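Contents: one structure, followed by commentary.
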Amino acid sequence: AQSVTQLDSQVPVFEEAPVELRCNYSSSVSVYLFWYVQYPNQGLQLLLKYLSGSTLVKGINGFEAEFNKSQTSFHLRKPSVHISDTAEYFCAVRGWGKLQFGAGTQVVVTP
Amino acid sequence: EPEVTQTPSHQVTQMGQEVILRCVPISNHLYFYWYRQILGQKVEFLVSFYNNEISEKSEIFDDQFSVERPDGSNFTLKIRSTKLEDSAMYFCASSPRDMNTEAFFGQGTRLTVV
């Protein structure tokens, strides 16, 4: 079984500032890790994924995440946020079968 | 680009009524899922479906829920007798494999039970 913990329920950030969203997971098997974004009143869009290979993965909209196996983490970062990055961000883990989502982190970008 | 489509986008129903939420997964995908998101809460797994049968379900997926792939393209979620607490956004997803790839999500159906 897998589980995902997103350590911050809400992250306020100023425009053009960096942001980091924390995600830790636990699993008894090898996992695949994902970050999804949900803009207000919309569905889930894949930001990036780690399946294998390089532990630093780059996604859409300037986001990147680093897989750290020893710390069982997959933190999401963006060096400079825009107002349009205001959204809910979900970390998800997959072993065999279903995706398991974290509780989400609400990012609010203000000018 | 292929996408998962869900209909309707919004459904309002009276408590106790049956509802069917419809999804058309990506055509060459083999694994199908339903998830639920109650307003302001996390995305919760309901059920996964493969080879015309349920492969996994959560404790939320009780006897009031059923899934079906009636015609090889649609994938439906039926709630037999809706309750107020069934009000949520329901997401359908599909995947070509059951591991080492992402699931592709539809835009969701917002179900409001009154």
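Protein chains in written order, with our numbering: chain A, 1 to 111; chain B, 1001 to 1114. Positions of the beta carbon are idealized from the N, C-alpha and C atoms, including for glycine. On a predicted model such as this, the values are computed, not experimentally measured, just so you know.
Within 8 Å (strictly less), CB to CB, does Phe63/A reach chain B? no
Sequence-distant residues of the same chain with beta carbon closer than 6 Å to Ile1020/B, five excluded per side: Thr1076, Lys1078
For Leu99/A, report the span of its beta strand (DSSP E) as first-last. 99–101
State the CB to CB distance for the pair Ser1081/B and Gln1064/B, rounded to an integer number of angstroms; the pair is presumed to be in contact (CB under 8 Å). 6 Å
Below 8 Å on the Cβ atoms is my guess for Leu76/A versus Glu20/A; work out the distance and round it to an integer in Å. 7 Å
Inter-residue Cα distance where the pair is Ala17/A and Phe1061/B: 42 Å
8 Å Cβ cutoff met for Glu1003/B and Ile1026/B: yes
Ala1093/B and Tyr1035/B look like a contact to me (Cβ under 8 Å); what is the Cβ gap, rounded to whole Å? 7 Å
Got a sec, what are the start and stop residues for the beta strand (DSSP E) Ile60/A sits in? Looking at the DSSP string, Ile60/A is not in any beta strand (DSSP E), and its letter there is neither H nor E.
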